[in-house]
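Count along the first sequence from 1, add 68, and you get the number used in our numbering.
Every residue gets a Cβ at the ideal spot worked out from N, C-alpha and C, and that includes glycine.
Reviewing the structure listed below.
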Amino acid sequence: MDYQKLADLMFPHIDKDIDYYEKLYPERNLPEGAIVTRFSPSPTGFVHMGSLRTAFIAKKISIDTNGVFYLRIEDTDDKRSVENGIQGIIDDFKNFDFPIDEGRISETEDIGNYGPYLQSERAAIYQTYAKHLVKEGLAYPCFMTEKDLEEIRHVQESKKERIGIYGRYAKSRNLSLKEIEQKIKNGEVFVTRLKSPGNFNKKIECVDLVKGTIEFPENDMDVILLKSDGIPTYHFAHLVDDHLMRTTHILRGEEWLSSFPIHKQLFEIFNFKLPKYCHVALINKKDGNSIRKLSKRKDPESALSYYHEKGIPVKAVYLYLMTTANSNFEGWLEQNPSGNIDDFKFDFKKMSSSGSLFDLEKLLNISKNYISRLKALDVYNNVLNWAQKYDNDFYQIIAKYPEYTTAILNIEREQPKPRKDFACWADIKEHIFYMYDELYDYNKVDFTSVNNADNYREVINLYIDKYFEETDDKETWFRKIKELATELGYAPEMKLYKENPEKYIGNVADISNILRVALTTKTTTPDLYEIMKLLRKDRIKARFIKICG
RNA sequence: GGCCCAUUGGUGAAGCGGUCUAACACAUAGCCCUCUCAAGGCUACAUUCAUGGGUUCAAACCCCAUAUGGGUCACCA
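Structure representation (structure tokens):
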């Protein structure tokens with residue numbers, strides 16, 4: 069068989085050879101140990117949480133080694149592509165503070181010297197490499213129709229054989245040049261298949277960075293390299309792109325593990341340096357009694373937009389992802405409260421090889437801790453940004469009172485163990501609304517949940533008349549509450565009350581709760597003294613009077 | 001069904017042959033502290049590491065089998 073002739077028959081328009089591209093995309097000039105990684109989604113919708121996790125780890129190891137992280141869009145299947153899919157991915161990344169070193173930055177633009185980074189723009193490159201393989205006698209055109217393939221599958225199923233095109237099922241391997249020429253002349257379409265040199269009975273070893281060495285049967289499938297439209301399948305695009313873009317590490321979901329032997333074989337055939345592989349375990353979700361993959365369709369938390377809507381800080385999400393990625397990260401975080409992930413060194417050995425459940429509760433806890441360590445002004449700016457998008461009424465109010473709001477957010481914050489009230493920006497309104505006359509509603513004041521509050525009018529009136537003094541410091545303020553309690557027959561100390569409950573009609577807690585509910589409509593708030601200090605005299609009196617009047 | 005991966009509590013996990021009646025964190029419960037919360041402190045929560053067998057003086061850790069869960073077997077990625 070004259071393979072050169074066959075190659076020209078199949079790819080008459082391809083005039084370059086692979087040397088051209090090898091020179092066009094030379095080895096990267098990077099420091100020793102620098103890792104080149106990538107994220108290569110197909111534009112089928114929003115970026116999935118699991119994908120973000122994989123991308124995040126990939127980026128992390130590139131940062132750790134002063135390497136490169138790039139974004140490549142795998143749009144080789146237009147049936148699945150979604151409108152604005154590319155922009156959606158780019159936007160998701162942008163909104164998640166996820167800058168890339170090179171790759172696709174808009175629907176049409178790239179940065180970096182190894183592009184184009186959109187696979188549909190690389191057809192000629194793939195075809196050049198495929199043509200090369202044909203010339204070497206390692207690939208061939210296959211004219212089988214869907215029906216032919218179906219029949220083969222049926223035969224294989226009934227004989228309990230492995231499904232696929234291999235060995236004697238690879239009928240098109242035996243076509244003569246003449247037959248091929250005739251078919252092409254007749255306008256028959258063909259795919260380009262690998263003439264796999266593998267033997268299923270031979271074992272090969274594939275090394276995964278976290279799973280270790282895995283033994284597989286050698287690949288003997290004549291997998292499709294180029295579909296009939298000349299566009300590559302994932303396998304071939306992976307080979308060509310990751311080789312040409314000089315990727316050193318492939319991080320991808322575990323669902324790719326089983327095609328590892330195909331990829332290894334492809335790299336070996338071309339004699340390209342095999343990148344290192346890391347198959348990242350999937351994130352799961354408990355659904356009733358069963359466990360399944362976190363799903364784009366069923367689980368809102370799989371979409372990045374979910375975190376924006378709730379106002380969960382992007383940093384907190386990354387903190388969570390890192391704790392799931394490296395088991396020693398949490399301990400490290402405790403030692404390094406600054407929490408700068410860049411200072412932490414990722415280690416493949418500390419990565420779990422089994423899939424785990426996505427734990428929103430844990431994420432929220434991490435977020436709570438993260439927010440508690442922020443300065444009040446930071447919190448303010450963040451809520452402001454969030455509210456502008458998701459809660460305009462609240463936005464109007466807090467935008468009107470920046471300093472006041474910041475002061476509210478600073479209550480019990482500047483202390484060694486700050487309050488941890490907020491897990492997300494969306495939580496904040498519920499915790500502080502009563503500080504604004506616009507949101508405080510005295511109709512909501514309800515003493516039924518406060519103990520011994522039947523005489524709330526008496527308590528409040530006495531407090532205004534005799535004990536309330538705006539300039540009091542905290543100690544004085546509290547001493548007066550106790551005096552008020554005593555005067556009305558409530559125990560001034562919890563201890564006293566517990567010792568002789570029958571001696572009193574209630575205790576100090578009841579008194580402050582009456583005041584608390586009156587001023588805030590809530591039974592649980594931060595330090596009442598701090599709240600009153602910010603509310604100021606006039607508003608306090610106005611609220612009290614309205615309630616008693 | 002073939003091939004492959006995984007299996008420590010409600011969750012994430014540490015552990016890599018003896019110090020394991022199994023670290024740490026989340027969740028849950030109780031107590032303390034306390035003006036209510038949040039937080040914090042203390043305590044409880046796997047006598048046992050999917051099951052069975054083996055190797056060993058000794059196994060969660062090594063080996064084998066079984067079970068369960070997951071992935072994959074497309075002109076999808």
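Taking DSSP as the reference, what is the three-state secondary structure of residue i?
i    : result
C616 : helix
F166 : coil
S424 : strand
D276 : strand
H81  : coil
E551 : helix
M503 : helix
M562 : helix
L603 : helix
S440 : helix
R148 : coil
R487 : coil
P470 : helix
V202 : helix
L243 : coil
L98  : coil
Distance, Cα to Cα, residue i vs residue j?
i    : j    : result
T625 : G379 : Lying outside 69 to 617, the shown extent of the chain, residue 625 is not represented and no answer is given.
D461 : S517 : 29 Å
E219 : G232 : 11 Å
L432 : Y375 : 11 Å
V104 : N97  : 11 Å
E90  : S395 : 40 Å
V447 : S149 : 39 Å
A123 : F161 : 10 Å
D87  : Y197 : 10 Å
I476 : A371 : 32 Å
Q464 : I496 : 15 Å
A126 : F137 : 7 Å
I330 : E480 : 59 Å
Y234 : N254 : 26 Å
E567 : I528 : 27 Å
For residue i, list the residues DSSP reports as bridge partners.
i    : result
I141 : L186
C346 : L319
H116 : A371
M289 : Y234
N460 : Note: N460 sits in no beta bridge, so no partner.
Y575 : According to the sequence provided, residue 575 is Asn. The question's Tyr does not apply to it. For N575, which the question treats as bridged, DSSP gives the partners A559.
F284 : I272
I179 : G171
S358 : D355
F304 : Answer by DSSP bridge pairing: none, since F304 is not bridged.
L262 : A207
R106 : Y138
L431 : L431 pairs with nothing; no bridge assigned.
L217 : DSSP, once it has assigned bridges, lists no residue as partnering L217.
Residue i and residue j look like a contact to me (Cβ under 8 Å); what is the Cβ gap, rounded to whole Å?
i    : j    : result
T473 : I434 : Not confirmed; about 25 Å, so no contact.
L583 : L603 : Not really, about 11 Å apart at Cβ, beyond 8 Å.
L428 : G407 : Actually they are not in contact, since the Cβ atoms of L428 and G407 sit about 20 Å apart, beyond 8 Å.
E142 : S119 : Incorrect: roughly 12 Å between the Cβ atoms, too far for contact.
G574 : N511 : Actually they do not touch by this definition, with Cβ atoms about 25 Å apart.
Whether or not the stretch 262–277 and the stretch 242–250 are in contact is what I'm after, with contact meaning three or more pairs of Cβ atoms, one per stretch, closer than 8 Å; do they touch? no
Pairing CB atoms from the stretch 478–495 with CB atoms from the stretch 433–443, are three or more of them under 8 Å? yes
Would you be able to state if there are at least three C-beta pairs under 8 Å between the stretch 168–184 and the stretch 255–263? no
For the stretch 281–288 and the stretch 174–189, state whether three or more C-beta atom pairs, one from each stretch, are separated by less than 8 Å. The stretch 281–288 vs the stretch 174–189: no contact.
Taking contact to mean at least 3 C-beta pairs separated by less than 8 Å, is the stretch 518–529 in contact with the stretch 575–582? yes
Just checking, does the stretch 559–566 make contact with the stretch 495–513 on the three C-beta pairs under 8 Å criterion? Short answer: they don't touch.
Is the number of C-beta pairs between the stretch 358–371 and the stretch 332–340 that are closer than 8 Å three or more? Taking a contact to require three or more Cβ pairs closer than 8 Å, the stretch 358–371 and the stretch 332–340 do not qualify as touching.
Tell me, please, whether the stretch 71–87 touches the stretch 203–216 by the rule of three or more beta-carbon pairs shorter than 8 Å. Between the stretch 71–87 and the stretch 203–216, the count of C-beta pairs closer than 8 Å reaches three or more; the two stretches touch.
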